[in-house]
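Number of protein chains: 4
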Amino acid sequence: MEQTKERIIKSAIKLFADKGFHETKVEDIALESGVAKGTVYLYFKSKEEIMDTCLEFIFSEASKNYEIPDELNFSDSIRMVVEKNFKFVDENIDFYRMLSKGIYSTSKDTKMGRRYCERKLFEKATSSMEKIILKGINEGKIKKEVSPKYLAVTFINTIISSLIMVVNSKIKGFELNENEYKEEIINFLTGGIYEK
Amino acid sequence: MEQTKERIIKSAIKLFADKGFHETKVEDIALESGVAKGTVYLYFKSKEEIMDTCLEFIFSEASKNYEIPDELNFSDSIRMVVEKNFKFVDENIDFYRMLSKGIYSTSKDTKMGRRYCERKLFEKATSSMEKIILKGINEGKIKKEVSPKYLAVTFINTIISSLIMVVNSKIKGFELNENEYKEEIINFLTGGIYEK
Amino acid sequence: MEQTKERIIKSAIKLFADKGFHETKVEDIALESGVAKGTVYLYFKSKEEIMDTCLEFIFSEASKNYEIPDELNFSDSIRMVVEKNFKFVDENIDFYRMLSKGIYSTSKDTKMGRRYCERKLFEKATSSMEKIILKGINEGKIKKEVSPKYLAVTFINTIISSLIMVVNSKIKGFELNENEYKEEIINFLTGGIYEK
Amino acid sequence: MEQTKERIIKSAIKLFADKGFHETKVEDIALESGVAKGTVYLYFKSKEEIMDTCLEFIFSEASKNYEIPDELNFSDSIRMVVEKNFKFVDENIDFYRMLSKGIYSTSKDTKMGRRYCERKLFEKATSSMEKIILKGINEGKIKKEVSPKYLAVTFINTIISSLIMVVNSKIKGFELNENEYKEEIINFLTGGIYEK
DNA sequence: AATGAATGAGTATTCATTCAT
DNA sequence: CATGAATGAATACTCATTCAT
């Protein structure tokens, strides 16, 4: 049943987020999903493949956050991207916890794995953001001299790292007013923080 | 000898950056340092302690990037922070490679370890950046309505993620003109991208 | 399967008897039991736990040697205890070889381990022997002035050390006629060696 | 200096008694003796040799407990052997603690090691006891039918195990009145417990 | 004689993966 | 489809011993 596979994925995401890849045992995933260890191997060739499938699943979801209607203007587009992402964090906190683990990592990359998905998502995000910046230039909000590509990368990084901040605040009891912070980010990205 | 300990640290940083924590074997570190496995354990109680010492060492170096003279104005302060950091990346590429690993991680944290150092560095960075932003407000560059704290966090995140971009470009052959990108970041953070 | 666990216990007793605790490797136990090293750890958390289980098992068997019907008189009771024990040695030579190792030992004790079992067995043995001595006093065989408790301890020690002698004779080619020796012990304990 | 060697031996006896052979590290012995690890190896070829020397030293001391003047009668000889041994236990508690460790042992025996010393001591003890028993027979205290050899073994075992009891009582807080117990043992061995 | 830094062989334990039922 | 007993390769860590100083 495909339902079983989905249950395994969900459990894996939760556990990888809690304990990281290496600290999560296949047995843990099996227990959490309510199946036997052997069953996990009916649906996945290896533990790596479980991780890869988790990432593929979540990155494909995340990429929808960068689908913005053409008719929106610069500021509203920025607002929509930021709001979609903040909403997504709320609903997929485990995913971002997984991402924010960092450091004690492995370098093993697999075809469908992290790098591939990350890059796919990143490319989607920056190309989408580039269009939004072009809107800003056309609307006279942003100077013509800037490099839309580099600025897009910068905007995306700013958004992503702000999401990580939100996650950290949720988990580590950092004090951070999510809504105020979000508005500050939007304000910042739309140039609202600088005196004319 | 302290020289031996230092050689081990250097080797460990390189290897953790190359292969991540779990994929790096203690034997690898010993070989790379030109000592026997047992010798590593003369200087460190465990593999974890090696990682912790690496982080402590490098985070304490990195925190110097946020020491800015009071007499500099807003824009020059921003420029100095960004330039110091870009220079530091060039000279400590292994460290940033280590940081940019992400995902397949562990959650084990030790007292002197990652969280502690990360937070210490982050707090130093944001408090330093907050002062710079206050300069910006006093100079009339930044609106009085902004939250200096949130903006500081955002500025720091923007800088850090730009550094990660540079590292990725160096390693994965991403095409990125480091200098142009750096100028774009400075420009962005000092409000230069927006039309008056 | 419980059968596998039992096979492991039997092999462990044999090996601990042959080579002692430290000289017996977990791999040896696995080989001797015809299972893989990992399998041993399915049934036991650690090598210590194997030892503890061996001891628990064998001490509980040994304690049966001190179960004597109330209706037997003093001399017959002594005879029965001694004979049961000599028989037990014959059938569980490995166990006594394990006990007689001595000296190059460890001091690590675990809850269910040695001390606990030893004391339980010793208490069972002495309390049982105390009853037999009381029979001896009641029957006028033993003087009323003696301390039944101390005498019980002494009788038990005499029996146990005679068993160790038998084991040593079996293993190290000590010349010792088991039956004659046994009769001498019974004779000794029932006062038969002394002139009236 | 021979003084250093003696200090090492004393420390080793104490530590072996505390923690057993395997749990005592050569480093521990060095620390306890106030010398460097390397120095230990100036006086002993190996850790085994330290143990062997400890045993040799202590067994040779212990064998003096069985040197009894010919002119003493049976009962006084028994009393002297028992009293010497009880006194020796008091003064060399570490040695008996070492002996009473048992079980988690090793089987490695070395030339000068345990078996050799133990047997030497045991032979000295039993041959000495045999003479005492012959006195008993000559004095009409013990029946002529007994086997002096087997009885000697039994007497020695009774004494040795009573010493172990005393040690255990000292260490594990067992309640045992040492003097009463000693008198009971003497009484027992001289036939005083049985009604005529 | 004394030191203690360096060594590396040796081992308990873990856990992803398999496969007979 | 599902199971979970069995596997064994892989690895962090220990400690007796050596030897240059």
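Residue numbers (my numbering), protein chains in the order written: chain A, 1 to 196; chain B, 197 to 392; chain C, 393 to 588; chain D, 589 to 784. C-beta atoms are modelled at their ideal positions from N, C-alpha and C, and glycine is treated no differently.
Exposure label - A321 (chain B); buried when at least 16 CB within 10 Å: buried
Could you name the residues of chain B that I185 (chain A) contacts, counting a contact when the two beta carbons are closer than 7 Å? Result: T350.
Just checking: is the beta-carbon of L197 (chain A) within a distance shorter than 8 Å of some beta-carbon in chain B? Since the first residue of chain A shown is 1 and the last is 196, residue 197 (chain A) is not available in this structure.
Going by CA-CA distance only, name the one from A:E61, A:F86, A:V167 and A:E178 that's closest to D18 (chain A). Among A:E61, A:F86, A:V167 and A:E178, the Cα nearest to that of D18 (chain A) is on A:V167.
Which residues in chain C have a C-beta closer than 7 Å to the C-beta of M788 (chain D)? List them in chain order. In the structure as shown, chain D begins at 589 and stops at 784. Residue 788 (chain D) is therefore absent and cannot be evaluated.
Bridge partner(s) assigned by DSSP for G38 (chain A): Beta-bridge partners of G38 (chain A) (DSSP): none assigned.
In three-state terms, what does DSSP make of R203 (chain B)? helix
With a 10 Å radius around its C-beta and 16 neighbouring C-beta atoms as the bar for buried, classify K111 (chain A) as buried or exposed. Caution applies to K111 (chain A), whose pLDDT of 47 falls short of 50 and renders its modelled position unreliable; the value that the coordinates give is listed next. It is exposed - the Cβ of K111 (chain A) has fewer than 16 other Cβ atoms within 10 Å.
Whose C-beta lies closer than 8 Å to the C-beta of F122 (chain A) among residues of the same chain, with five residues either side of it excluded? Here the set comprises I156.
Which of helix, strand or coil does DSSP assign to I133 (chain A)? helix
Taking the alpha carbon of E679 (chain D) as the reference point, which residue from D:K758, D:I773 and D:R595 has its own alpha carbon closest? D:K758
Assuming N661 (chain D) contacts I747 (chain D) under a Cβ cut-off of 8 Å, what Cβ separation, rounded to an integer in Å, is found between them? Rounded, the Cβ-Cβ distance is 18 Å, inconsistent with contact.
What is the DSSP secondary structure of P148 (chain A), reduced to helix, strand or coil? helix
Shortest alpha-carbon distance to E594 (chain D) belongs to which of D:E611, D:G608, D:E659 and D:T627? Ranking D:E611, D:G608, D:E659 and D:T627 by Cα distance to E594 (chain D) puts D:T627 first.
Would you please state the rounded distance, in angstroms, between the beta carbons of I225 (chain B) and I254 (chain B)? I believe it to be under 8 Å. No, I225 (chain B) and I254 (chain B) are not in contact; Cβ-Cβ is about 16 Å, not under 8 Å.
Using the Cβ count rule (16 or more neighbours within 10 Å means buried), how would you classify K675 (chain D)? Classification of K675 (chain D): exposed, given that the 10 Å Cβ count is below 16.
Using the beta-carbon of each residue, which ones in chain C are nearer than 9 Å to Y769 (chain D)? S539, Y542, V545 and T546
Residues of chain A with a CB under 7 Å from the CB of F384 (chain B): which are they? L151 and T154
Taking only runs of the alpha helix (DSSP H) that begin and end inside the stretch 442–495 of chain C, which ones reach a length of at least 4 residues, in chain order? 466–483 and 485–491
Status (buried if at least 16 other CB within 10 Å, exposed otherwise) for G332 (chain B): Buried, since its Cβ has 16 or more Cβ neighbours within 10 Å.
Which residue comes first and which comes last in the alpha helix (DSSP H) that contains K182 (chain A)? Per DSSP, the unbroken alpha helix (DSSP H) holding K182 (chain A) starts and ends at E178 to L189.
So R211 (chain A) packs on I9 (chain A), CB below 8 Å; how close in whole Å? There is simply no residue 211 (chain A) to check, as chain A begins at 1 and stops at 196 in what is shown.
Specify, as a first and last residue, the run of the alpha helix (DSSP H) that S242 (chain B) falls within. That residue, S242 (chain B), is in no alpha helix (DSSP H); it is neither H nor E in DSSP.
Less than 8 Å between the C-beta atoms of I68 (chain A) and I132 (chain A), yes or no? yes
Given E448 (chain C) as reference, the closest of C:S467, C:A428, C:F487 and C:Y573 once Cα atoms are compared: C:F487
Return helix, strand or coil for T746 (chain D), following the three-state DSSP convention. helix
Where does G191 (chain A) land, buried or exposed, given buried means 16+ other C-beta within 10 angstroms? buried
Among the residues of its own chain, which have a CB less than 7 Å from the CB of V677 (chain D), if the five just before and after it don't count? Y684, L751, V754 and V755
Residue burial classification, D52 (chain A) (beta-carbon count within 10 angstroms, cutoff 16): buried
Going by C-alpha distance, which of D:Y769, D:E649 and D:K708 is nearest A544 (chain C)? D:Y769
Looking only at C-alpha atoms, which of A:K149, A:E32, A:L189 and A:E183 sits nearest to N373 (chain B)? A:K149
With 16 other Cβ atoms within 10 Å as the buried cut-off, status of N767 (chain D): exposed
Can you check whether the CB of S749 (chain D) is closer than 8 Å to the CB of S553 (chain C)? yes
Run through DSSP, which three-state label would T518 (chain C) get? Three-state DSSP puts T518 (chain C) in a helix.
Separation of E228 (chain B) from S207 (chain B), as counted between CA atoms: 6 Å
Taking C-beta pairs closer than 9 Å, name the residues in chain C that K598 (chain D) reaches, listed in chain order. In chain order: nothing, as chain C lies at least about 18 Å away.
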